[in-house]
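Notes follow once the structure below has been shown.
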Amino acid sequence: MSEKRKTPMMDELEKGPWPSFVTEIKKAAAKNESAADLLGLMERSYEDKVGHWKHGGIVGVRGYGGGVIGRYTNLPEEFPGVTEFHTIRVNQPSGWFYTTDALRSICDIWEKRGSGLTNLHGSTGDMILLGTQTEQLQPCFDELSSQGWDLGGSGSDLRTPSTCVGPARCEFACFDNLDLCHDITNTYQDEIHRPMWPYKFKIKIAGCPNDCVASIARSDLSIIGTWRDNLIINQEEVKNYANAGLNIRDEVTDFCPTKAITYDAEKQELNLKGEDCVRCMHCINKMPKAVKIGKERGASILIGGKATIVQSAFLSWVIVPFMKMEPPYQELKDLLDRIWEWWDEHGKMRERIGELIYRKGMGEFLRGVGLPPVPQMVYQPRANPYIFWQPEDFEENK
Amino acid sequence: MSEKRKTPMMDELEKGPWPSFVTEIKKAAAKNESAADLLGLMERSYEDKVGHWKHGGIVGVRGYGGGVIGRYTNLPEEFPGVTEFHTIRVNQPSGWFYTTDALRSICDIWEKRGSGLTNLHGSTGDMILLGTQTEQLQPCFDELSSQGWDLGGSGSDLRTPSTCVGPARCEFACFDNLDLCHDITNTYQDEIHRPMWPYKFKIKIAGCPNDCVASIARSDLSIIGTWRDNLIINQEEVKNYANAGLNIRDEVTDFCPTKAITYDAEKQELNLKGEDCVRCMHCINKMPKAVKIGKERGASILIGGKATIVQSAFLSWVIVPFMKMEPPYQELKDLLDRIWEWWDEHGKMRERIGELIYRKGMGEFLRGVGLPPVPQMVYQPRANPYIFWQPEDFEENK
Amino acid sequence: MAKVMGQTDIGPPDFRKFLPPIVKENYGKWQYHEIVKPGVLKHVGESGDELYSVRVGSPRLVSIDWIRAICEIADRYCDGYLRFTSRHNVEFLVSNKDNLEPLLAELKEKGYPVGGTGNSMSNIVHTQGWIHCHTPATDASGIVKAVMDDLYEHFTGMDLPAKLRVALACCLNMCGAVHCSDIAILGVHRTPPRIDHENLAKTCEIPNVIAACPTAAIRPDPKNKSVKVNEERCMYCGNCYTMCPSMEILDPVNDGVAILVGGKVSNARTAPSFSRLAIPFLPNNPPRWPEVVEAVRNIVEVWIKDARKGERVGEWIERIGWENFFKKTGIPFTDKHIDDFIFSVPTFRTTTQFRW
Amino acid sequence: MAKVMGQTDIGPPDFRKFLPPIVKENYGKWQYHEIVKPGVLKHVGESGDELYSVRVGSPRLVSIDWIRAICEIADRYCDGYLRFTSRHNVEFLVSNKDNLEPLLAELKEKGYPVGGTGNSMSNIVHTQGWIHCHTPATDASGIVKAVMDDLYEHFTGMDLPAKLRVALACCLNMCGAVHCSDIAILGVHRTPPRIDHENLAKTCEIPNVIAACPTAAIRPDPKNKSVKVNEERCMYCGNCYTMCPSMEILDPVNDGVAILVGGKVSNARTAPSFSRLAIPFLPNNPPRWPEVVEAVRNIVEVWIKDARKGERVGEWIERIGWENFFKKTGIPFTDKHIDDFIFSVPTFRTTTQFRW
Ligand code: SRM
Ligand code: SRM
Ligand code: SRM
Ligand code: SRM
Ligand code: SF4
Ligand code: SF4
Ligand code: SF4
Ligand code: SF4
Ligand code: SF4
Ligand code: SF4
Ligand code: SF4
Ligand code: SF4
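Chains as they are written, first to last, in my numbering: chain A, 4 to 401; chain B, 4 to 401; chain C, 61 to 416; chain D, 61 to 416.
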């Protein structure tokens, strides 16, 4: 796009209080031809009401099977700068903590090797470097690597794990989720970089049931902090909240899903029926000074979360109500290995683990990976009597 | 079975306070050889832990395709009296009301024409005449008919409709369910007597949401009385209940599913938020003198209820939130005709209407029978975006 | 003279012919009711008329002698009017209050159980079992008798937290409609059908047999002109046997009973709901099925002890959680309890909210 | 000299290198937090240390200039430490309280939106759209910009009944994970794929294409060495196109946007839940999608007016019932709202309990 194309619709999106992605593209376009053509292509899409990208081909860097999304426009003549416009997924640090130096190291590389546009961050959690040519991929990777960065996942591999801010800044964290995320990301570098499974597999780790990283909805394996003893109440702080004007009954205890916690307005005290608390966090969230998570901490493990394609969206399902979460996380890793092995053996191409479990049955999954069935795994037992009896069940008859 | 077989296990079941079916068989056996052999066959089954009946052949009476269940023992040599042992389904009167004369007319026929054993009643609602020979079927029917009795349904036909006691003895009845049951049973004699559909179709009619005839669980079409205005509260009677010691908060209002009704203990009064009442009956049930159903009465129509085979048990689904129920019930009959036509056209062999709707989609069913979609039909709208767009939806584009 | 053939399609007798006068007069105009005592309902009309109904438990499988006997009683106290209930009890309809106590006295003397009203256990809705059906995995009447004997006090009393509806079906066809009962007793097979290849093609339509299988375990076997069963996918529902006598599934050793709990039908308070698996298997142990009787009693007793007044079994379980149901009843939770059929996914727990 | 190849499998940098000193010292020992004002969190450690986090809205699609600009700010007030959130906002980590107000002043001056905490609307999680993907049914960044402009006051304020999480995905792959959002904006196709028979066999594995279809609408077409689509069974999910470029599904006229509501992710109070269909279709109307903006605002406003304090959108709807949701928002209910996929049955109403 040699002469400057008019982009009235793009320009319109520079107005208004929310920061504008168009302004960002224009900033990049000032220095980079691809970014300029991206702007033109977007205007064209806004006119046509249709995207102008073709299916990506297979592009990448040496030694890796994933981490790059190939992309080509279907209007290369009109927008030659985006003839090739691949994105690179860079694995973010646990909890998305950065120093300015670290971020600048990325900017410097991307200024040289790509469009200068990024997503901070991608929806899975990676830092997305948005748009470059095939020939730039390897040098870009080499430079990233030399600065201590590595690629995230794409394709049928382990996707880049991600986790909430956790103990770095949150009083609710039930274990060191940042460390766990870093640890498993490093342990499974091969699984992240070399697609070899039926389909993608995502892990997200939340420090507590608030699930600030949406793990239960967005990961095949969800690790969510929890505790096994009673929450801890500081009645002095209860009084302080009450005196500060918090309506404890209306805003706190009335919302307790099991009525495990009740408020004695006269004494200004909370009463807890510990065995009924399902650790929903609500009373803790509302009164963090007065109510704290218990001391016997670990995590619940859930499986199967994913979006709608093919068999419907699934939220993850409890498979381990409680697991201690301490380095080197061996129990978790052993479980992961068994899960992947079972999936690999039985899964069809492009079948997420949740869909496989649905197809084969939870019972078969549990037997396959050696997990004991417990009622915490279900809201309710089956309503149909369609039970698959196993040979072991008839031992007594022989 | 000429010499008398010992039946120690049957005898054991004559002990205990609950009336014994064995005693009943023995009473019949005293006069009837088939009944005597039934007792022996039962003892044999108790020894073998297995039934001794073969699949029934097709037997029946002239002009009818159903109403008789053929049955033959697989031990005819040992128990010749039950070589043939068919049952006859006699259509009960609405609400199972009888005079003693009417019942005796049945007894007299059955003494002559069958085993003398019956089920009062079968699980669908018929009077079951239990066990006779093929040659007795036609004479038995002829005599029943001459006394004013007719057969009920069996096979792929309309099964004998049944209904609760309703206005005959219940203050909760929202319409004349006894009359409706009688009316449609007579209107659809052909559908009851001549199987011609993909599978069975059951109708049950309950006078109110208490559903004393289990229509929502046990019929393909459930008609359940309801009302459209507010329930009626008599505050004087509220006070009477309170003074008589009913704990109105704990036993009544706390159970209201929507908190539509609350109790003012001071004034001894009930307060109703009419638009939140979902007509669950609870407050009415607990305080029938004080709370009464509304005045604008009719019924909700639900479809699809059935037991577990093949695709799981279904409870019926709301398809018409409210329909007036007045003779000649034309709106209902028109709807039934449309439903049956659609089922007949699309249903596979042995596919209940609920399973067909599941297979084809509720949307297609509603369009097929011409019912307007309303939110009352669902607990929640769909969570997936898998929408089948219809040609009409694109009219505007043309 | 040719014998007169019965007229067809006359339909059932008009119920109006069978209504006692007091019902005709107060039809649709009943005001309220009270439960005078267990088994005795009093309905009062706007007119002030009082109708007493006395509910009597029945074995359901009855001889004509039994029918004649209750007719005699009804003649004596009810002007010849009586009815049956949707759960197969008898109701004597007494319009003259003076007849009430004498009727009750006679019933007591003759051993008819009076009860089943209010917060009681009513009759067990059930099926044919070994009495008359070809597919049963267990008997019906025998278990019902044993359980009712054991829980008799809850039929004649009204001391339960709420109504208790027990049902039994002798195979998965569920003619007893056990799928929505507080406690369901269900006959279950546990071994795959045994195919009689020689007769199959003669006796059955192969496509229908194949279509009958909920899990698509049945495939055509053209070589044998028969079908094959993939035994790994078979969950022993018996539907193929219902369709086809050459798919014999009855198994004296491995057939037995499953217990499901927590279903209900009424719309009162909570929506109608399915019964759910509590005990996957108990053996057939005639004549009194002690394991089944004991299992039912255990559930009933834990419910009585733990439920709030007014809570049906399922409502109680939903409040305390299934975790606690299994803990409190001591019933082991197994992989068999976890659904793996079409609608399994909505039963899986998608939250960290649970009890330990 | 051969160019040095980057070392593989070094993994991401250790986050510990990037933690500010105050975080290292109070790691795992935070006591409690307060929201000082919209966008400003104060976390207090057992030590008494106070960390202020200032949350700034980001367009997510940012240039390196933007990154450098926020780095400059972080250098000035945060000793060079900052982080991003799981919803793509920036958080400036201020350990020195004295820097807080100057930072806020600079952010204000430069037009960075501060907010997204507590009972506010946070950033819209979204996807690529026409910026970079090959399957979109709508754009992502443009709609997000338009909606955020319109609801800006709810990002910078905290006056909502509860948190409001909006997400957008430009096609059914749902990279924006819209399936559990308070409000989900979803790009949808509405016409079946157009098959390029000539190229299909060359570009795609036919069995995989067939397997990709959730409704089994795709059959082999051996004559054409291609596939056939049974258009009656196609619900335009686009999964075949994801698998195979010869199944083109983009449609400039009929593609557009659906709105789903009431999902949530947290386990707080109620279990996580899916978003459910509110509006089946709104047209693509760039650059500002006024119909979409208006629809979202309408839902938000009705929620604000009607919900109890503390009720997320879905919690509010469950309390008032979907009947009332449709009534109060004025959104028409259609046959499209009724599920007809695998798990439809559990969504059908199996009770007479409903509101008129
Ligand atoms: C970049 C990103 C969107 C974004 O703008 O942030 C993205 C972009 C794509 N996703 Fe995604 N997905 C992204 C996160 C997600 C998420 C959210 C998440 O991970 O939390 C989901 C939903 C959760 C899930 O996994 O179920 C998601 C579900 C999909 C699916 C459907 C998978 C399914 O089983 O349902 C596909 C289709 C596929 O894999 O073929 C897909 C495919 C794609 C492809 C590769 C298109 C394709 O069909 O080949 C998109 C490339 C776009 C491009 O050209 O840049 N993407 N994708 C996200 C990854 C960034 C990162 O690495 O951080
Ligand atoms: C007699 C009765 C049981 C009883 O002891 O009361 C009965 C007996 C039989 N039922 Fe039933 N069903 C009876 C009520 C039911 C009910 C309950 C109801 O109607 O409320 C159900 C569950 C509700 C439903 O329809 O879903 C029921 C669901 C079945 C099924 C499964 C149908 C399904 O779609 O799931 C079958 C199998 C079939 O039709 O092939 C079945 C089949 C049978 C057969 C005909 C056996 C067969 O496979 O051919 C049984 C004959 C037994 C015999 O030899 O006497 N019966 N059957 C009931 C009919 C009496 C009457 O007319 O009053
Ligand atoms: C006679 C009968 C109707 C009939 O036409 O035969 C009947 C009669 C009455 N029912 Fe019923 N119900 C009858 C079967 C049912 C059934 C069906 C069933 O059990 O298979 C149900 C649904 C059961 C379920 O949910 O599983 C049923 C659920 C109710 C309810 C709601 C119970 C609940 O709280 O869930 C009430 C209200 C109440 O009792 O408070 C009720 C209330 C009543 C009242 C009080 C109605 C009235 O004002 O007359 C009647 C006396 C109840 C009592 O026994 O205490 N009736 N009732 C049935 C007696 C069956 C029996 O012999 O035990
Ligand atoms: C920074 C962040 C974690 C991170 O690693 O990036 C975070 C941080 C906090 N979350 Fe969160 N949450 C963050 C995403 C989430 C998400 C994920 C999402 O939105 O995609 C959720 C689940 C949302 C959902 O349910 O759909 C989430 C659900 C919560 C909840 C439960 C909310 C509820 O009542 O349903 C709380 C508790 C509360 O706020 O009372 C919470 C509480 C908190 C606290 C108060 C925890 C603490 O003590 O520090 C933090 C400040 C909250 C605030 O903004 O008012 N956080 N939080 C994320 C900020 C995202 C953003 O920029 O807006
Ligand atoms: S998930 Fe829990 S631990 Fe993690 S940031 Fe959110 S509230 Fe804190
Ligand atoms: S954490 Fe949740 S369940 Fe537990 S007491 Fe608090 S509000 Fe109740
Ligand atoms: S269903 Fe309603 S009307 Fe019929 S008997 Fe039961 S309570 Fe009365
Ligand atoms: S009928 Fe049910 S919903 Fe209506 S007010 Fe009474 S208890 Fe509440
Ligand atoms: S439940 Fe099964 S075995 Fe029992 S009567 Fe019905 S079809 Fe026969
Ligand atoms: S018993 Fe049921 S599951 Fe097994 S083969 Fe027969 S129909 Fe299929
Ligand atoms: S949601 Fe669909 S169109 Fe949007 S980025 Fe993901 S795959 Fe591409
Ligand atoms: S768009 Fe979806 S439903 Fe239609 S043919 Fe393709 S995969 Fe099947």
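Glycine is no exception: its CB is placed at the ideal position from the N, C-alpha and C atoms.
Since the model is a prediction, treat every value here as computed from it, not as a measurement.
So with Cβ pairs under 8 Å, would you call residue 61 (chain D) a contact of chain A? What you label residue 61 (chain D) is simply residue 1 of the fourth sequence in a count that begins at 1. Note that residue 61 (chain D) has pLDDT 40, beneath the 50 cutoff, so the model's placement of it is unreliable and the number below is only indicative. Taking Cβ atoms only, chain A never reaches closer than 8 Å to residue 61 (chain D), which makes this a no.
When you compare the CB positions of residue 113 (chain D) and residue 101 (chain D), do they come within less than 8 Å of one another, or not? Against the fourth sequence, residue 113 (chain D) aligns to sequence position 53. Against the fourth sequence, residue 101 (chain D) aligns to sequence position 41. In contact: residue 113 (chain D) and residue 101 (chain D) (Cβ atoms closer than 8 Å).
As assigned by DSSP and simplified to three states, the class of residue 333 (chain D): Counting from one through the fourth sequence, the residue named residue 333 (chain D) turns up at place 273. Reduced to three states, the DSSP call for residue 333 (chain D) is strand.
Contact set for residue 61 (chain D): own chain, Cβ-Cβ below 6 Å, skip 5 residues either direction: The count along the fourth sequence starts at 1 and reaches residue 61 (chain D) at position 1. Interpretation of residue 61 (chain D) is limited by its pLDDT of 40, a score under 50 that renders its predicted location unreliable; the figure taken from the coordinates is listed afterwards. Closer than 6 Å at Cβ, skipping near neighbours: no residue.
Distance, Cα to Cα, residue 285 (chain A) vs residue 401 (chain D)? Sequence index remark: in the first sequence, residue 285 (chain A) carries index 282 (1-based). Sequence index remark: in the fourth sequence, residue 401 (chain D) carries index 341 (1-based). Whole-angstrom Cα-Cα distance: 34 Å.
Residues with a Cβ closer than 5 Å to any heavy atom of ligand 11, in chain order? D:187, D:188, D:193, D:195, D:196, D:229, D:230, D:231, D:233 and D:235
Return the chain-ordered list of same chain residues with a C-beta closer than 6 Å to the C-beta of residue 152 (chain B), the five sequence neighbours on each side being excluded. For the purposes of this step, residue 152 (chain B) is taken as residue 149 along the second sequence, with counting starting at 1. Contacts found: 93.
Buried or exposed: where does residue 139 (chain B) fall if 16 or more other Cβ atoms within 10 Å of its Cβ makes it buried? Position 136 of the second sequence holds residue 139 (chain B). The residue in question, residue 139 (chain B), is buried, as its Cβ has 16 or more Cβ neighbours within 10 Å.
Grouping DSSP H, G and I as helix and E and B as strand, with all else coil, what is residue 312 (chain A)? Here residue 312 (chain A) corresponds to residue number 309 of the first sequence, with the count starting at 1. Residue 312 (chain A): coil per DSSP, three-state reduction.
Any C-beta of chain B sitting closer than 8 Å to the C-beta of residue 274 (chain C)? Locating residue 274 (chain C) in the third sequence gives position 214, counting from the first residue. Closer than 8 Å to some Cβ of chain B, the Cβ of residue 274 (chain C) qualifies, so yes.
Rounded to whole angstroms, how far is the Cβ of residue 304 (chain B) from the Cβ of residue 325 (chain C), which I believe are closer than 8 Å? On the second sequence, position 301 is the one that residue 304 (chain B) refers to. On the third sequence, position 265 is the one that residue 325 (chain C) refers to. With a Cβ gap of about 17 Å, residue 304 (chain B) and residue 325 (chain C) do not count as contacting.
Alpha carbon of residue 127 (chain C) to alpha carbon of residue 106 (chain B), nearest angstrom: Working through the third sequence from its first residue, we reach residue 127 (chain C) at position 67. Working through the second sequence from its first residue, we reach residue 106 (chain B) at position 103. Straight-line Cα distance between these residues: approximately 7 Å.
Range of the contiguous alpha helix (DSSP H) that encloses residue 350 (chain C): The residue given as residue 350 (chain C) occupies position 290 in the third sequence. Per DSSP, residue 350 (chain C) belongs to the alpha helix (DSSP H) from 350 to 366.
By the criterion of Cβ-Cβ separation under 8 Å, what are the contact partners of residue 278 (chain A) in chain C? Numbered from 1 along the first sequence, position 275 holds the residue referred to as residue 278 (chain A). Within chain C, the residues near residue 278 (chain A) are 415 and 416.
Does the Cβ-Cβ distance between residue 317 (chain D) and residue 352 (chain D) come in under 8 Å? Stepping through the fourth sequence from its first residue, residue 317 (chain D) is reached at position 257. Stepping through the fourth sequence from its first residue, residue 352 (chain D) is reached at position 292. Their beta carbons are under 8 Å apart, which means residue 317 (chain D) touches residue 352 (chain D) by this criterion.
Measuring from the CB of residue 285 (chain A), is there a heavy atom of ligand 6 at a distance below 7 Å? As a working note, residue 285 (chain A) is residue 282 in the first sequence. Result yes, Cβ under 7 Å from ligand 6.
What are the boundary residues of the alpha helix (DSSP H) that includes residue 253 (chain A)? Along the first sequence, read from residue 1 onward, the residue named residue 253 (chain A) stands at position 250. Here the alpha helix (DSSP H) through residue 253 (chain A) covers 251 to 254.
Let me make sure I understand the geometry here. Which of A:370, A:319 and A:90 has the alpha-carbon closest to that of residue 408 (chain C)? By one-based count along the third sequence, residue 408 (chain C) stands at place 348. Nearest C-alpha to residue 408 (chain C): A:319.
Assuming the contact rule is C-beta atoms closer than 8 Å, residue 192 (chain B) and residue 66 (chain C) should be a hit. Round their C-beta distance to whole Å, please. Counting from one through the second sequence, the residue named residue 192 (chain B) turns up at place 189. Counting from one through the third sequence, the residue named residue 66 (chain C) turns up at place 6. The Cβ separation is near 14 Å, so there is no contact.
Identify each residue in the stretch 395 to 409 of chain C for which the Cβ-Cβ distance to at least one residue of chain A is less than 7 Å, and report them in chain order. 395, 396, 397, 398, 399, 400, 401, 404, 405, 407, 408 and 409
State the Cα-Cα distance for the pair residue 391 (chain A) and residue 182 (chain B), rounded to the nearest angstrom. Sequence index remark: in the first sequence, residue 391 (chain A) carries index 388 (1-based). Sequence index remark: in the second sequence, residue 182 (chain B) carries index 179 (1-based). Each residue's alpha carbon lies about 46 Å from the other.
Taking Cβ positions, are residue 104 (chain A) and residue 140 (chain D) nearer each other than 8 Å? For this step, residue 104 (chain A) is matched to residue 101 along the first sequence. For this step, residue 140 (chain D) is matched to residue 80 along the fourth sequence. The answer is yes: Cβ separation under 8 Å.
Please confirm if residue 212 (chain D) has its CB atom under 8 Å from at least one CB of chain A. Your numbering for residue 212 (chain D) matches position 152 in the fourth sequence. True, the Cβ-Cβ gap to chain A drops below 8 Å.
Using only the alpha-carbon positions, how far apart do residue 389 (chain C) and residue 338 (chain C) sit? Position 329 of the third sequence, counted from the start, is the residue given in the question as residue 389 (chain C). Position 278 of the third sequence, counted from the start, is the residue given in the question as residue 338 (chain C). When rounded, the distance between both Cα atoms is 10 Å.
Through-space distance from residue 311 (chain B) to residue 59 (chain B), alpha-carbon basis: Within the second sequence, residue 59 (chain B) is the residue found at index 56, counting from 1. Within the second sequence, residue 311 (chain B) is the residue found at index 308, counting from 1. The straight-line gap from Cα to Cα measures roughly 22 Å.
Using a Cβ-Cβ cut-off of less than 9 Å, list which residues of the stretch 287 to 307 of chain D approach chain B; keep chain order. 292, 293, 294, 295, 296 and 297
Please indicate yes or no: does the CB of residue 240 (chain C) lie closer than 7 Å to some heavy atom of ligand 7? Along the third sequence, one-based indexing puts residue 240 (chain C) at 180. No, Cβ of residue 240 (chain C) sits at least 7 Å from all heavy atoms of ligand 7.
Going by C-alpha distance, which of D:387, D:222, D:132 and D:243 is nearest residue 186 (chain D)? Here residue 186 (chain D) refers to the residue found at position 126 of the fourth sequence. Cα-wise, what sits closest to residue 186 (chain D) is D:243.
How far does the alpha helix (DSSP H) with residue 126 (chain A) in it reach, from first residue to last? Your numbering for residue 126 (chain A) matches position 123 in the first sequence. Per DSSP, residue 126 (chain A) belongs to no alpha helix (DSSP H) and is neither H nor E.
At the 8 Å Cβ level, is residue 126 (chain C) part of the contact set with chain B, yes or no? Within the third sequence, residue 126 (chain C) is the residue found at index 66, counting from 1. Output row for residue 126 (chain C): interface = yes.
Member of C:249, C:86 and C:232 whose CA lies at the smallest distance from the CA of residue 309 (chain B): Counting from 1 along the second sequence, the entry for residue 309 (chain B) is found at position 306. Residue C:232 is the option with its Cα nearest to residue 309 (chain B).
If we define contact as Cβ-Cβ less than 8 Å, is residue 5 (chain B) a contact residue for chain D? Counting from 1 along the second sequence, the entry for residue 5 (chain B) is found at position 2. The pLDDT assigned to residue 5 (chain B) is 45, lower than 50, so where the model puts this residue is not dependable; a value taken from the coordinates is nonetheless given after this. For residue 5 (chain B), the answer is no, since every Cβ of chain D falls outside 8 Å of its Cβ.
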